[in-house]
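**Student:** Protein sequence lines correspond, in order, to chains A and B. Heads up, the first sequence is in the numbering used here, so the first residue is 1 and it goes up one at a time. Heads up, the second sequence is in the numbering used here, so the first residue is 237 and it goes up one at a time. Glycine is no exception: its CB is placed at the ideal position from the N, C-alpha and C atoms. Since the structure is predicted, the reported quantities are computational estimates derived from the model, not experimental observations. This is the structure I have questions about; it appears just below.
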Amino acid sequence: IATATAKKPAPMNTMVSHLLVVEPEKLYAMPDPALPDGPTKAASTLCDLADREIVVIIGWAKNIPGFPALSLADQMSVLQSVWLEVLLLVVAWRSLPCEDESVFAEDFALDEEAARAAGLLELSGVVLQLVCKYRALRLEREEYVLLKALALANSDSVHIEDMSAVQRLRDVLHEALLEYEVSRRPEEPRRAGRLLLTLPLLRQTATRVLNHFYSLKLEGKVPMHKLFLEMLEAMM
Amino acid sequence: TERHKILHRLLQEGSPSDI
Chain A
1 IATATAKKPA PMNTMVSHLL VVEPEKLYAM PDPALPDGPT KAASTLCDLA
51 DREIVVIIGW AKNIPGFPAL SLADQMSVLQ SVWLEVLLLV VAWRSLPCED
101 ESVFAEDFAL DEEAARAAGL LELSGVVLQL VCKYRALRLE REEYVLLKAL
151 ALANSDSVHI EDMSAVQRLR DVLHEALLEY EVSRRPEEPR RAGRLLLTLP
201 LLRQTATRVL NHFYSLKLEG KVPMHKLFLE MLEAMM
Chain B
237 TERHKILHRL LQEGSPSDI
């Protein structure tokens, strides 16, 4: 009986199970075949993809336990401040299996040469630095979904009215991460901390990517959808 | 919310239409 109990896998943390169920479907970039390849097409593809990803992220956030309980104003403040961090975590996760490629979507992955040709070398470089960190940690899907929800709850927006409600959301997710690591990775007692310590690089990466998009907006050569512009402006 | 009307609408109604 003792052996059977020891071999039985630990029950899945209910938060992790929930987060796995609400994981959104993959999006495709679908670059416009009518446009000639080059920086304008790449930037345009990326901005269009980001706009659709934001819609998906908003829908996903509504399924994060505790998020819908925030006031509408606070839900907006949280999303406006962290959407790009969440989006970058999605891209980093997609890029994990591919060495030296930034996988913005299943049909839009750039290696160094393609990134240079697309004028996205710098952007791809900062994404790859993040990917490198998660690859070194051998990030698992369960940890990824927890970290993504934590990135949402980790908003430091000065516009949040009820910070204690956001803190509660953060605490519940933090607790779920600790519980998951204790049950699944008891041999790595510092793993939860290591995962949380990737959040500063995620924020730094988001700031750099935001600057890239904002420069594109100022140049005015690439069409941007209204929601993307709205979210971009909210971060500036 | 006037400046952020699409986000507001998506959170409130959940309708991604006509963006």
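(1) Quick one: what's got a C-beta closer than 7 Å to A50/A's C-beta in the same chain, skipping five residues either side?
(2) Note down, in chain order, each residue of its chain lying with its Cβ closer than 7 Å to the Cβ of P31/A, except the 5 sequence neighbours on either side.
(3) Going by DSSP, what residues sit across from L110/A in a beta bridge?
(4) On a Cα-Cα basis, can you pick out the residue from A136/A, L196/A, A61/A, S102/A that is closest to L121/A?
(5) Would you say I160/A faces chain B, with C-beta separation under 8 Å as the test?
(6) Take every Cβ of the segment 193-209 of chain A, pair it with every Cβ of the segment 141-161 of chain A, and state whether three or more of those distances are shorter than 8 Å.
(7) Please list the residues of the segment 216-231 of chain A that have a C-beta atom closer than 8 Å to any C-beta atom in chain B, keeping them in chain order.
(8) Which whole runs of the beta strand (DSSP E) in the segment 2-54 of chain A are 3 residues long or more, in chain order?
(9) Helix, strand or coil for S251/B per DSSP?
(10) Kindly indicate the opening and closing residues of the alpha helix (DSSP H) around K81/A.
(11) Pick helix, strand or coil for I260/B, following the three-state DSSP scheme.
(12) Could you say which of E113/A, R168/A, K26/A, Y144/A lies nearest to L20/A if we only look at CA atoms?
(13) Give the straight-line distance between the Cα atoms of D100/A and E25/A, rounded to the nearest whole angstrom.
(14) Measuring only between beta-carbons, confirm whether L87/A sits less than 8 Å from chain B.
**Tutor:** Walking through what the data contain:
(1) Here the question's residue 50/A lines up with position 50 in the first sequence. Hits under 7 Å: L87, F228.
(2) Position 31 of the first sequence holds residue 31/A. Closer than 7 Å at the Cβ level, and outside the excluded window around P31/A, lie K41, T45, F108.
(3) Against the first sequence, residue 110/A aligns to sequence position 110. Answer is S102/A, bridged to L110/A.
(4) Numbered from its first residue, the first sequence carries residue 121/A at position 121. For the residues A136/A, L196/A, A61/A, S102/A, the minimum Cα distance to L121/A belongs to S102/A.
(5) Numbered from 1 along the first sequence, position 160 holds the residue referred to as residue 160/A. No - not a single Cβ of chain B is within 8 Å of the one on I160/A.
(6) yes
(7) H225, K226, L227, E230, M231
(8) none
(9) Against the second sequence, residue 251/B aligns to sequence position 15. Confidence in S251/B is poor, its pLDDT being 43 and thus under 50, which makes the residue's placement too unreliable to answer from.
(10) The residue labelled residue 81/A in the question sits at position 81 within the first sequence. Looking at the sequence itself, residue 81/A is Ser, so the reference to Lys does not match. Taken as a continuous stretch (DSSP letters only), the alpha helix (DSSP H) holding S81/A covers 72-95.
(11) Missing from the structure shown is residue 260/B; chain B here goes from 237 to 255 and no further.
(12) The residue you call residue 20/A lines up with position 20 of the first sequence. Ranking the options by Cα distance to L20/A, first place goes to Y144/A.
(13) Counted from its first residue, the first sequence places residue 100/A at position 100. Counted from its first residue, the first sequence places residue 25/A at position 25. For D100/A and E25/A, the distance between alpha carbons rounds to 24 Å.
(14) Here residue 87/A refers to the residue found at position 87 of the first sequence. No, no contact with chain B.
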